[in-house]
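Novice: Numbering (my numbering), first residue to last: 455 to 917. Encoded as C-alpha cells, here's the structure I'll be asking about.
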Ligand SMILES: [Fe+2]
C-alpha cells in the first residue's frame with residue numbers, strides 16, 4: 455500500500471511510504487527555493503513519486519496532517535465563493551502558477567456546518583481523480599498525534615514519555631490516533647493545541663496532558679522573536695544564540711505573565727486569554743514589547759530562554775516522575791531549541807532523549823504517511839531512524855555540471871568545491887584563504903541540526 459503524506463504549514467513537505475515503511479521525504483523549500491515554504495507541496499509530492507518510481511495513479515492513500523488541506527479539492531460552500539475561487543484558479547493556471555492555496559480545516563468545517571452542509575458532499579472528487587489520484591482515499595491526521603507518532607516511531611524506545619510542543623495545531627477531541635475520512639473528520643470538534651504529553655507503552659499512546667492556544671510555548675518564543683525585530687517562524691535560533699549573553703533576570707517576572715507552567719505543573723498558561731476572536735499572539739506581543747523597553751536584545755533573549763526552559767523542563771520533570779518513565783521522545787517546532795534539549799538531556803530523570811530530526815511541521819508529512827498505513831492497527835511500532843537522506847540524489851555528473859556552469863573548480867574528491875581566489879560573490883570581492891563546501895549527494899529531510907557544512911574563511915573583503 456502506497457501512502458502519500460503531506461503537511462502544508464511552515465516547512466510544507468511530502469513523504470511517501472510503502473506499507474508503512476518510509477521511502478522518500480522532502481520539503482517543498484528544497485525545490486521551490488523559498489525558505490519555509492507554505493502551501494500545497496505539489497513539487498515535493500511529485501519528487502517523492504519520482505524517487506519511488508511510481509505515479510499518482512498508484513497512490514492508495516492521500517493523507518494530510520491538520521491544519522491545512524489543498525483548497526482546489528473542496529468546492530466552496532456558497533455559489534459566489536465558488537465562482538470567485540474558479541476565477542482565481544483560472545488566473546493562476548494562465549500565469550503558470552501552481553495550486554498552492556490551502557484551506558484551514560477547522561475554519562472550513564465551521565463554515566460548512568453553519569450553512570447546514572456536509573463536508574464530504576463538497577469534496578471535489580472529479581478534480582481529485584482528474585489530477586491523477588484515480589484510486590486514492592483521503593485521510594486527515596491529528597496535528598499533535600502526528601508529531602508524537604514521528605517521535606515514537608523513530609526513537610527505537612520500548613516505552614517512553616512523549617512530548618510535543620509547538621505554536622499551535624488542530625487536534626481531534628477524540629479518536630486522535632485515527633486517520634480520519636472526510637465523513638469522520640466532519641464529526642470531530644477540532645481544537646487548537648500547542649502541547650501534548652503522552653505515555654507510550656506496549657505500542658499504545660495515551661494522551662495525559664494538553665495545552666491550548668493561550669499557553670502556547672511556541673507563540674511565546676515567536677512573539678519575543680518578532681518583538682526583537684526578527685521573523686517568526688524562522689529566526690528563533692537567533693534568540694537562542696543571543697540568550698547566551700543575557701544575564702540580567704529583571705525581565706523574567708514580566709515574561710512569566712505571558713507564559714509559565716501551571717501551578718499543578720500539568721500544562722502551560724498565560725495571563726492573555728483567547729476568547730475565540732482577536733489575536734492572542736498580538737496581545738502577548740504587546741505585553742512583551744512594553745516590558746522590554748530599555749533592555750538589550752541579549753537580556754530580552756536571555757529571559758525568554760530562561761522562561762521557556764523553566765516551564766518545559768519543569769513540566770517534563772513532573773511528568774517523568776509521575777509516570778516513572780526514563781526515556782523521553784520529543785517533536786514539535788519548539789524542540790528545534792538546542793539549549794532546551796540540552797537541559798532536558800541533563801535531567802536526572804532522563805536516561806535517553808530522542809528528538810525527531812524534522813521536529814518542525816515538516817515532520818508531519820512523514821507521520822501522515824505512516825499513520826494512514828498503520829491506523830487500522832492503532833499500534834505504533836518503533837525502530838531507530840537509520841538516516842535522514844530521503845530526498846533526491848545528485849550524482850557526481852550533476853555536481854560537476856553545476857560547478858562547471860558556475861565556473862567553480864572541483865577539488866579533491868567529488869564533495870569538495872574550491873572557490874578560485876579573488877572571486878566576486880554578490881557585490882563583494884572576496885579573497886579567501888580557504889573556502890570550500892561539502893556537498894552530500896542526497897538531500898535530507900529538513901533538519902534544524904544541519905549535517906551539511908559550509909566553511910568560509912574570507913581574509914579580505916573589498917566593497
Ligand atoms: Fe506543529
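From the three backbone atoms N, C-alpha and C, an ideal C-beta is built for every residue, glycine too. Note that the structure is a prediction, hence the values are computed from the model and not measured.
Report whether the distance from the Cβ of residue 620 to the nearest heavy atom of ligand 1 is below 6 Å.
Specialist: Yes.
Novice: Please name the residue in 496, 477, 478 whose C-alpha comes closest to that of residue 486.
Specialist: 496
Novice: With a threshold of 16 other CB atoms inside 10 Å of the CB of residue 800, please say whether the residue is buried or exposed.
Specialist: exposed
Novice: Counting along the chain, where does the beta strand (DSSP E) carrying residue 808 start and finish?
Specialist: 806-809
Novice: Measuring only the C-alpha atoms, how far is residue 806 from residue 711?
Specialist: 32 Å
Novice: Please identify the residue among 480, 705, 777, 475 whose C-alpha is closest to the C-alpha of residue 465.
Specialist: 480
Novice: Using 6 Å as the cut-off, classify the Cβ of residue 815 as near or not near the heavy atoms of ligand 1, replying yes or no.
Specialist: yes
Novice: Residues in the same chain with beta-carbon distance under 6 Å from residue 569, minus the five sequence neighbours each way, listed in chain order, please.
Specialist: 531
Novice: Between 572, 511, 504, 515, which lies nearest to residue 528 when the distance is taken from Cα to Cα?
Specialist: 572
Novice: Looking at the strands, I want to know which residues DSSP matches up with residue 663.
Specialist: 651
Novice: So what does residue 692 bridge to, in DSSP terms?
Specialist: Checking the DSSP bridge columns, you'll see residue 692 has no partner listed.
Novice: The alpha helix (DSSP H) that contains residue 777, what's its start and end?
Specialist: First-last of the alpha helix (DSSP H) with residue 777: 751-777.
Novice: Who are the Cβ neighbours of residue 413 in its own chain at under 7 Å, not counting the five residues just before and after it?
Specialist: Residue 413 lies beyond the stretch modelled for the chain, which goes from 455 to 917, so this question has no answer here.
Novice: Going by DSSP, what residue range makes up the beta strand (DSSP E) through residue 524?
Specialist: Where residue 524 is concerned, the enclosing beta strand (DSSP E) stretches over 522-524.
Novice: Please determine, among 759, 735, 652, the residue with the shortest C-alpha to C-alpha distance to residue 703.
Specialist: 759
Novice: Between which residues of its own chain and residue 819 is the CB-CB distance below 6 Å, once the five residues before and five after are set aside?
Specialist: 459, 460, 461, 467, 468, 469
Novice: Classify residue 644 as helix, strand or coil using the three-state DSSP reduction.
Specialist: strand
Novice: Take residue 877 and list the residues in its own chain whose beta-carbon comes closer than 6 Å to its own, dropping the five residues that flank it on each side.
Specialist: In this predicted model, residue 877 has a pLDDT of only 48, less than 50, meaning its place in the structure is not dependable; the value taken from the coordinates is given anyway. Here the set comprises nothing.
Novice: Could you give the DSSP three-state label for residue 909: helix, strand or coil?
Specialist: Low confidence applies to residue 909: its pLDDT is 45, below 50, so where it sits in the model is not reliable, and the reading given next is rough at best. Residue state, collapsed to three classes: strand.
Novice: Sorted by chain position, which residues of the same chain lie with C-beta nearer than 7 Å to residue 513's C-beta, five sequence neighbours on each side aside?
Specialist: Within the same chain, 456, 458, 587, 590 come within 7 Å of residue 513 by CB-CB distance, once the 5 residues on both sides are set aside.
Novice: What would DSSP say about residue 479, mapped onto helix, strand or coil?
Specialist: In this structure, residue 479 counts as strand in the three-state DSSP scheme.
Novice: Less than 6 Å between C-beta atoms, sequence neighbours within five positions excluded: which residues of the same chain meet that for residue 825?
Specialist: 595, 603, 633
Novice: Here's a check: name, in chain order, each residue in its chain whose Cβ is nearer than 6 Å to the Cβ of residue 661, leaving out the five neighbours to either side.
Specialist: 650, 652
Novice: Secondary structure at residue 614, three-state DSSP: helix, strand or coil?
Specialist: strand
Novice: Out of 775, 785, 791, which has the shortest C-alpha to C-alpha gap to residue 763?
Specialist: 791
Novice: Taking only heavy atoms of ligand 1 into account, decide whether any of them is closer than 6 Å to the Cβ of residue 700.
Specialist: Not under cutoff, so the answer is no.
Novice: Could you give the uninterrupted runs of the beta strand (DSSP E) lying entirely in the stretch 478-566, keeping only those of 3 residues or more?
Specialist: 515-519, 522-524, 556-558
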